[in-house]
Structures are given as structure tokens and as C-alpha cells.
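Chemist: One structure follows; several queries about it will come next.
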Amino acid sequence: MRPRELGAAFVVDKEASVVLAEASVVLVEASVVLVEALVVFVEASVVPVVALAVLAVASVVLVVALVVLVEASVVLVEASVVLVEALVVFVEASVVPVVALAVLAVASVVLVVA
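Residue numbers (the numbering used here): 1162 to 1275.
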């Protein structure tokens, strides 16, 4: 090779190295953009997961509230049964004085007739 051709080849080789370096910079920048997009995707994925967790907790709270409501209903029914039983006892207790009064009335009539 002649010196002139050797110099031209060196210049071409140097320009190719510059183009390769610029392509490497573009590749690094594209990688950075890709990583940033991945971060945005992960951040966007966190929101539905958190919303799902909140929904799960709300569902558990709702089920617990439903169980408490059912238990309260059972207690209310049991209290109603006790109240009815107390009413029956009251009515039975009221019958005794009425019967005693009737016996007294009959005895008074028998006493007056006699």
C-alpha cells in the first residue's frame, strides 16, 4: 500500500470507529428508555395489585360484618323466645289470682245462700 492509500484507509477506519461509537451511544440510550419503560410498567402494575388487596380486605370485612349480623339476629331471636316465655309465666301467674277470686266469689254466694 502506498502512504496515500494507507492514510485514506486510516481515515475510513477512524470514521467507522466514530460511527460505531455513535451507534453504541444510541444503543445505550435505547436501553435506558427501555429500562424507564419497564419501571413505568412495574409502577402501573402495582396499582391494580394494591386495589385487589384493598378489595380482598373489604370483602373480608364484609363477611365478618355479615357473620356479626347473623349472630345478632340469633341473639335477637333468643331474646324474643325468652320474652315470650316470660309472658307465658306472667299469664300463668295472673290466672291464679283470677281463679282465687272466682273461688272467693262462689264461696260468698254459697255463704249468702246458706
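We put the CB at the ideal spot given by N, CA and C, even for glycine.
Note that the coordinates shown come from a computational prediction; the quantities given were computed from them, not determined experimentally.
Tell me which residues share the same chain as V1208 and place their Cβ nearer than 8 Å to its Cβ, disregarding the 5 neighbours each side in the sequence.
Modeler: On the sequence shown, residue 1208 is found 47 positions in, with the first residue counted as 1. Contacts found: none.
Chemist: If you reduce the DSSP assignment to three classes, tell me which class A1205 lands in.
Modeler: Counting from one through the sequence shown, the residue named residue 1205 turns up at place 44. Reduced to three states, the DSSP call for A1205 is helix.
Chemist: Alpha carbon to alpha carbon, how far is L1199 from A1147? Give it in angstroms, no decimals.
Modeler: Outside the shown range of the chain (1162 to 1275) lies residue 1147, about which nothing can therefore be said.
Chemist: To the nearest angstrom, how far is the alpha carbon of L1230 from that of L1244?
Modeler: The residue labelled residue 1230 in the question sits at position 69 within the sequence shown. The residue labelled residue 1244 in the question sits at position 83 within the sequence shown. Those two C-alpha atoms are separated by around 21 Å.
Chemist: How many Å lie between V1203 and V1218 at the Cα?
Modeler: Numbered from its first residue, the sequence shown carries residue 1203 at position 42. Numbered from its first residue, the sequence shown carries residue 1218 at position 57. Looking at the two C-alpha atoms, the distance is approximately 23 Å.
Chemist: According to DSSP, is A1261 part of a helix, a strand, or is it coil?
Modeler: Within the sequence shown, residue 1261 is the residue found at index 100, counting from 1. In the structure shown, A1261 sits in a helix (DSSP, three-state: H, G or I).
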